[in-house]
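Accompanying notes for the structure given below.
There are 2 protein chains.
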Amino acid sequence: MHFVIIGGDAAGMSAASRARRNDPAMAITVLEMTEDVSYSACSMPYVIADEEGDMETLIMRAPAVFREKQNIDLRLGHRVEAIDPKNRRVSGKDAGGKPFEISFDKLLIATGSVANMPLIPGHELPHVFVLKSLDDGRRVKAFIEEKRIEKAAIIGAGYIGLEMCEALTERGITVQLIRNRPELLPWLAPELSAAVDTALREKGVLINHGCTTERIETHDSRLDICCREACFDAEMVLMAIGVRPSSFLAKEAGLELGAAGAIAVNRSMQTSHPDIYAAGDCADAYHVVTGEKTWIPMALTANRAGWAVADHITGRPVRMEGVAGTGVFKIFDVEVARTGLTLHEAEKAGFDPVEVVVKTYSRAKTVPGSRPVWVQMVGDRQSGRLLGVSMVGRDNEARRINAAAVALHARMRVVDFSTTDMAYAPPFSPVWDPLLVAANQLLKKI
Amino acid sequence: MHFVIIGGDAAGMSAASRARRNDPAMAITVLEMTEDVSYSACSMPYVIADEEGDMETLIMRAPAVFREKQNIDLRLGHRVEAIDPKNRRVSGKDAGGKPFEISFDKLLIATGSVANMPLIPGHELPHVFVLKSLDDGRRVKAFIEEKRIEKAAIIGAGYIGLEMCEALTERGITVQLIRNRPELLPWLAPELSAAVDTALREKGVLINHGCTTERIETHDSRLDICCREACFDAEMVLMAIGVRPSSFLAKEAGLELGAAGAIAVNRSMQTSHPDIYAAGDCADAYHVVTGEKTWIPMALTANRAGWAVADHITGRPVRMEGVAGTGVFKIFDVEVARTGLTLHEAEKAGFDPVEVVVKTYSRAKTVPGSRPVWVQMVGDRQSGRLLGVSMVGRDNEARRINAAAVALHARMRVVDFSTTDMAYAPPFSPVWDPLLVAANQLLKKI
Chain A
2 MHFVIIGGDA AGMSAASRAR RNDPAMAITV LEMTEDVSYS ACSMPYVIAD EEGDMETLIM
62 RAPAVFREKQ NIDLRLGHRV EAIDPKNRRV SGKDAGGKPF EISFDKLLIA TGSVANMPLI
122 PGHELPHVFV LKSLDDGRRV KAFIEEKRIE KAAIIGAGYI GLEMCEALTE RGITVQLIRN
182 RPELLPWLAP ELSAAVDTAL REKGVLINHG CTTERIETHD SRLDICCREA CFDAEMVLMA
242 IGVRPSSFLA KEAGLELGAA GAIAVNRSMQ TSHPDIYAAG DCADAYHVVT GEKTWIPMAL
302 TANRAGWAVA DHITGRPVRM EGVAGTGVFK IFDVEVARTG LTLHEAEKAG FDPVEVVVKT
362 YSRAKTVPGS RPVWVQMVGD RQSGRLLGVS MVGRDNEARR INAAAVALHA RMRVVDFSTT
422 DMAYAPPFSP VWDPLLVAAN QLLKKI
Chain B
2 MHFVIIGGDA AGMSAASRAR RNDPAMAITV LEMTEDVSYS ACSMPYVIAD EEGDMETLIM
62 RAPAVFREKQ NIDLRLGHRV EAIDPKNRRV SGKDAGGKPF EISFDKLLIA TGSVANMPLI
122 PGHELPHVFV LKSLDDGRRV KAFIEEKRIE KAAIIGAGYI GLEMCEALTE RGITVQLIRN
182 RPELLPWLAP ELSAAVDTAL REKGVLINHG CTTERIETHD SRLDICCREA CFDAEMVLMA
242 IGVRPSSFLA KEAGLELGAA GAIAVNRSMQ TSHPDIYAAG DCADAYHVVT GEKTWIPMAL
302 TANRAGWAVA DHITGRPVRM EGVAGTGVFK IFDVEVARTG LTLHEAEKAG FDPVEVVVKT
362 YSRAKTVPGS RPVWVQMVGD RQSGRLLGVS MVGRDNEARR INAAAVALHA RMRVVDFSTT
422 DMAYAPPFSP VWDPLLVAAN QLLKKI
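Sequence order for the protein chains is A and B.
With this note's numbering, you'll find the first sequence wraps up at 447, consecutive numbering, no jumps.
With this note's numbering, you'll find the second sequence wraps up at 447, consecutive numbering, no jumps.
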């Protein structure tokens, strides 16, 4: 059995390692187009924030370990250009431009996602960056250090854009956040989005809402980032307007695409060709709340899906229940967490949803350090089910969100969630955990 | 309808307030034997720790508010001495020693729990304290301040004993912790208990294991706390060896007692007499893991049970699913959290349990501030169910425990819990949350 994997990051290397553990004899080949495998991309903002930070520490396992200790044929600089499902072959070019062709018995496409880059005038300037690959991270870090950047513009307010607001501010760089929408985080209730907005401004981030960047111009070593109404001055631009699935190879090979143009997979991670799997950011997934397909690229999902592929090809039972869309990020001391559906998403999915937004406190009021926490909770009038939760807080409490995520997996009703036995001690929470306070309020509306 | 409540703390006042909200016309009488109602007893260690702390700030709602705003006939200093279920009457004496007798249509017994005090020689000395009521808190705080206490002994290592180790140390008092068991927290795996032990010693707490206190002697203003092998010197003693349900009145009235001698209640919080309810620390509860009765007195349970009683007597549907035994406490920067059953408890309950103990990290290793976290997880070989989790950590992560508590309420299998979509961002967790790491390990053993 020859197991070939296209892509050597989270999903690809998880699958390779687990396949090796499951079957010491299997031939395993990984084709990675860059020179990097198995790194913590999500940690890049934290290394950039740290003057002493070394991007190379983000490499979780060196290529030599995969090759020598795990007997995985890991080929770097190998770009796959075509998949031939019928003849079970992949072909492409290596770093030197030399063509290669490899046969497989089972194939995993783990090509990840690519950062969106709008094709506006100036997007190709050397001062314009994205932050997706480890090489992107190296370039950004080297640029801000070598050029002693004092002012940067970040376009977009996704996880990466916001985390980089913190990272660059920590480096003493003035950050202009440029946002095409009129609000910072449109999927949050206005009170929650405003709390994040305030926290950013407190730290000196300049936020410009409602500006769609139309062009980027250079003047000496400086840039003008121009929207219709105004231009903003900076020395570099980070384009952080999201990612899209890297599903081109699969599409060309005639494999079915699913949610958001990601590769459609079943509950065993098989594509429309049973010997070809997809996992990680390039694949879609089931949503545990709707039961429908969705595309929410996350590191945990990629790792888990990689394992599932390895288990399935080695004959172990696999059934991927799906994702709840759980996510968390921190900007300075503000944490934002979510799981499940927003009110709008719930409406679109055909529920009859209702929402509450509550402000409560992170600890007993009698204990020092208690901070406000906002909880936004959505339930379904018809079934009584809990559909989603978002939280904004400033006291290390975003870890509470997992309680709601587990409830979504269990398809709990709000009433059942509201009677769960959550932990209480004054330094941790009020007697009623913020999630319980929200659930009690939501019950009155359902 | 006359609703009479014995006891004016968490369960009693929650019931009174909710009954009033549910029914503006109902006659509600609360008989409280002390002069205090509705206070946050769990916060007392934090007020004692703070030189400026004022015990009176722990009163959540003043008696006047209950009386004037909520029209509740709240009678302080009223000690009930007998319940006559047949004639629906309670009788007792007021603060002046004057007898009273009151008829009820519905009665709630919310008499709470009492601190255990071993009847050893010296237990009645004025330097020997418990910390249960607000008056206990006032006495302890006044004593350490007026006598300028420099050395204290704490007997027992429950939540209160350990929290008071921190509180007194914060006040510059040297603490001797005296423990009859050979280990600090016998319900934790040795690695987890040792981590807590180390954290206490780092802060200067002197821990003496395996010492059963046999007598307390005075020498001038100093005390000798004597075990068989040794005597320890201190100026005050805090006896923190647990609590027992205050179920004497119910027993005398012929009501059925249940787990641990607490008042037996059904899923509507009714005792063996359908018009008499019990709630809070004096009542037992169903355990969501075993389905059997248990007695785990907690503030949230008391508040929730008080609401349930009010709902039931006003004709609303009530079904108390039960408790998971979720608890959390903090000593200095160490947090300990648990939910569900330990291995030993699971064996006793008739499961075929298996356990893992894993040490992992609180954040991505690449991010500053990552600290070790231990997770102890118990599952059932036969059903595959998750039965319990304990955690010890030092990075504000005990809030993770609620995810496991929710899973216990949902009667989730370990395999299902292991595939839940938990939040990941480098400052919050490794890609695999500590609970998922433990679940993955436990799966291999089930």
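Glycine residues also receive a C-beta, built at the ideal position from the N, C-alpha and C atoms.
Exercise. With respect to the alpha helix (DSSP H) encompassing residue 304/B, which residues constitute its N-terminal and C-terminal limits?
Worked result: Start and end: 300-314.
Exercise. Do the CB positions of residue 431/A and residue 47/B come within less than 7 angstroms of each other?
Worked result: Taking the C-beta atoms as reference points, residue 47/B is found no nearer than 7 angstroms to residue 431/A.
Problem set entry | Straight-line gap, residue 222/B to residue 236/B (C-alpha atoms, nearest Å) | So the alpha carbons of these two residues sit roughly 7 angstroms apart.
Exercise. Just checking my contact of residue 17/B with residue 29/B at CB under 8 angstroms: how many whole Å lie between their CB atoms?
Worked result: For a cut-off of 8 angstroms, the C-beta gap from residue 17/B to residue 29/B is around 5 angstroms, short enough to register as a contact.
For this session: Below 8 angstroms on the Cβ atoms is my guess for residue 382/A versus residue 353/A; work out the distance and round it to an integer in Å.
Result: Correct: roughly 4 angstroms between the Cβ atoms.
Exercise. Taking the alpha helix (DSSP H) that residue 410/B falls in, what are its first and last residues?
Worked result: 402-410 is the extent of the alpha helix (DSSP H) around residue 410/B.
Exercise. Touching or not, the segment 398-415 of chain B and the segment 337-346 of chain B, by the rule of three or more beta carbon pairs under 8 angstroms?
Worked result: Yes: at least three Cβ pairs fall under 8 angstroms.
Problem set entry | Pairwise C-alpha distance: residue 232/B and residue 220/B | Straight across, the Cα-Cα distance linking residue 220/B with residue 232/B is about 13 angstroms.
Problem set entry | Proximity winner among 394/A, 371/A, 272/A, 423/A, relative to residue 390/B (alpha-carbon distances) | Taking each of 394/A, 371/A, 272/A, 423/A in turn and checking the Cα distance to residue 390/B, the smallest one comes out for 423/A.
Problem set entry | Element boundaries [beta strand (DSSP E), containing residue 120/B] | Where residue 120/B is concerned, there is no enclosing beta strand (DSSP E), given that its DSSP letter is neither H nor E.
Exercise. Using DSSP with H/G/I as helix, E/B as strand and the rest coil, what is residue 346/B?
Worked result: The answer is helix: DSSP assigns residue 346/B an H, G or I state.
Exercise. If you drop the 5 nearest sequence neighbours on each side, which residues of the same chain put their C-beta closer than 7 angstroms to that of residue 216/B?
Worked result: Residues of the same chain with a CB within less than 7 angstroms of the CB of residue 216/B, apart from the 5 flanking positions on each side, are 121, 122, 123, 227 in chain order.
Problem set entry | Residues, ordered as in the chain, of the segment 322-338 of chain B that lie near chain A by beta-carbon distance below 9 angstroms | Answer set for the segment 322-338 of chain B: 322, 323, 324, 325, 326, 327, 328, 329, 330, 331, 336, 338.
For this session: Could you tell me the distance, in whole angstroms, from the CA atom of residue 72/B to the CA atom of residue 313/B?
Result: Residue 72/B and residue 313/B have their C-alpha atoms some 20 angstroms from each other.
For this session: With DSSP as the reference, label residue 442/B as helix, strand or coil.
Result: In this structure, residue 442/B counts as helix in the three-state DSSP scheme.
For this session: Sort 190/B, 440/B, 366/B, 207/B by Cα distance to residue 59/A and report the nearest one.
Result: Nearest of 190/B, 440/B, 366/B, 207/B to residue 59/A, Cα basis: 366/B.
Problem set entry | Short Cβ contact (7 angstroms threshold) for residue 244/B with residue 114/B | Yes, the Cβ-Cβ distance between residue 244/B and residue 114/B is below 7 angstroms.
For this session: Give the interface partners of residue 305/A over in chain B, defined as CB-CB distance under 8 angstroms, in chain order.
Result: For residue 305/A, the neighbours in chain B by C-beta distance under 8 angstroms run, in chain order, 420.
Exercise. With C-beta atoms as the reference, is residue 86/A less than 7 angstroms away from residue 241/A?
Worked result: Going by C-beta atoms, residue 86/A is not nearer than 7 angstroms to residue 241/A.
Exercise. Is it true that the CB of residue 409/A sits closer than 7 angstroms to the CB of residue 324/A?
Worked result: No; because the gap between Cβ atoms is not below 7 angstroms, this pair is not in contact.
Exercise. So, does the CB of residue 44/A fall closer than 7 angstroms to a CB anywhere in chain B?
Worked result: Yes, because at least one Cβ of chain B sits closer than 7 angstroms to the Cβ of residue 44/A.
Problem set entry | Helix, strand or coil at residue 139/B according to DSSP, with G and I counted as helix | The answer is helix: DSSP assigns residue 139/B an H, G or I state.
Problem set entry | Residues that DSSP places opposite residue 1/A in a beta bridge | The structure shown has nothing for residue 1/A, since chain A only spans 2 to 447.
Exercise. Residue 394/A bridges to which residues according to DSSP?
Worked result: According to DSSP, which records beta bridges pairwise, residue 394/A is partnered with 336/A, 374/A.
Problem set entry | Own chain, CB closer than 7 angstroms to residue 344/B, minus 5 neighbours either side, in chain order | If we look at residue 344/B and ignore the five residues flanking it on each side, its Cβ neighbours are 354, 356, 379.
Problem set entry | For residue 132/B and residue 38/B, the rounded distance between their alpha carbons | The straight-line gap from Cα to Cα measures roughly 16 angstroms.
For this session: Under 7 angstroms between beta-carbons, which chain B residues line up against residue 402/A? List them in chain order, please.
Result: The CB of residue 402/A comes closer than 7 angstroms to the CB of 424 in chain B, given here in chain order.
Problem set entry | Contacts around residue 95/A, its chain only, beta-carbon distance under 7 angstroms, and the 5 residues preceding and following it disregarded | Counting only Cβ-Cβ distances below 7 angstroms, and skipping sequence neighbours, we find 78, 79, 101.
Problem set entry | residue 412/A Cβ short of 6 angstroms to the ligand NAP heavy atom set | Absent from the structure shown: the ligand NAP. Ligands present: none.
For this session: Confirm, please, whether the CB-CB distance from residue 414/B to residue 385/B is below 7 angstroms.
Result: Result yes, Cβ atoms of residue 385/B and residue 414/B sit closer than 7 angstroms.
For this session: Find out if the Cβ-Cβ distance for the pair residue 494/B, residue 421/A is shorter than 7 angstroms.
Result: Because chain B spans 2 through 447 in this model, residue 494/B falls outside it and cannot be assessed.
Exercise. Mapping DSSP to helix, strand and coil, what is residue 101/A?
Worked result: Residue 101/A falls in the strand class under three-state DSSP.
Problem set entry | Residues that DSSP places opposite residue 180/B in a beta bridge | Residue 180/B is not bridged to any residue.
For this session: With residue 14/A as the anchor, note down where its alpha helix (DSSP H) starts and where it stops.
Result: From DSSP, the alpha helix (DSSP H) with residue 14/A extends over 11-23.
For this session: Anything in chain A within Cβ reach of residue 367/B, meaning under 8 angstroms, just list it in chain order.
Result: By Cβ distance, chain A contributes 41, 44, 47, 48, 58, 59.
For this session: Give a yes or no on whether 7 angstroms exceeds the smallest Cβ distance from residue 284/A to chain B.
Result: Not a single CB atom of chain B sits nearer than 7 angstroms to the CB of residue 284/A.
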